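Numbering (our numbering), first residue to last: 4 to 230. Every residue gets a Cβ at the ideal spot worked out from N, C-alpha and C, and that includes glycine. Fair warning: this is a prediction, and the values are worked out from it, not measured in the lab. Reviewing the structure listed below.
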Ligand code: HEM
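Here's what the structure looks like:
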């Protein structure tokens with residue numbers, strides 16, 4: 004038992020934790036994208052608001068949320084540790100970066116892209132999570148999202164952050180499987196393709212919201228805001 008616990012304080016152990024928490028966060032992203040897609044139903048935001056209210060009222064979801072925030076915290080703390088460690092011992096890097104060839108800047112700068120995502124998350128949670136989930140401000144969440152994306156800087160911040168998120172996921176996905184021992188060259192290629200595909204879907208999916216609402220494409224903004 005003690006031996007197993009000690010393992011998590013080694014660099015290999017920390018990489019495994021990064022991988023496991025990263026993959027857990029990925030499942031959250033899939034659920035979150037699904038929920039947000041309800042904003043496109045052109046029903047005045049009803050389905051999105053109902054889904055959001057269901058999340059608030061479910062005890063199970065509240066417990067999952069605690070696990071989610073713990074996952075983020077562990078991922079961030081280990082990420083900072085590994086970034087500093089890699090900086091000190093420049094030779095120790097995720098080996099996968101030698102395989103990937105392309106995008107090595109991103110693979111070398113997972114700490115930096117992670118920091119940008121963290122900054123995005125702080126702004127994001129301050130806008131939506133804190134007022135509506137914690138202080139239960141009585142409003143239509145769909146209305147708040149649609150009006151937030153009418154702002155130039157807010158929409159731009161989201162688009163830039165989603166591009167960074169895409170690159171973080173692209174490299175993170177491959178690294179996660181590598182850290183979990185799927186080093187066999189047979190798996191590496193399909194894993195890389197899968198990771199890139201997943202990163203692209205998340206990037207395009209999430210970036211679509213600021214773009215669709217800012218430009219009011221298909222009237223998604225007018226449908227919810229009424230103007
Ligand atoms: C770009 C499109 C996005 C929109 C429109 C959006 C919208 C929202 C909204 C309205 C909430 C409040 C809670 C609710 O859903 O009922 C929320 C919560 C949250 N968002 Fe996002 N989000 C986006 C992207 C992201 C991304 C890319 C991440 C992670 C990197 C993220 C992480 C979170 C977290 C951690 C919460 C709090 C937990 C939760 O409520 O489930 N969001 N988001």
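Query	Result
Alpha-carbon spacing of residue 168 relative to residue 124, whole angstroms	11 Å
C-beta contact flag for residue 182 and residue 15 at 9 Å	yes
Residue 27 CB to nearest heavy atom of the ligand HEM below 8 Å	no
Residue 221 CB to nearest heavy atom of the ligand HEM below 8 Å	no
Contact between the stretch 145 to 160 and the stretch 61 to 77 (3+ Cβ pairs under 8 Å)	no
heavy atom of the ligand HEM below 8 Å from residue 136 C-beta	yes
Coarse secondary structure for residue 141, derived from DSSP in three states	coil
Candidates 224, 161, 199 and 40, of which the one nearest residue 177 by Cα	199
Residue 59 CB to nearest heavy atom of the ligand HEM below 8 Å	yes
Limits of the unbroken alpha helix (DSSP H) element including residue 226	223 to 228
For residue 116 and residue 170, believed in contact at Cβ under 8 Å, the rounded distance	6 Å
Contact under 9 Å by Cβ, residue 20 with residue 77	yes
beta-carbon residue 183 near the ligand HEM non-hydrogen atom, thresh 8 Å	no
contact_flag[the stretch 192 to 207, the stretch 217 to 225] where n(CB pairs < 8 Å) is 3 or more	no
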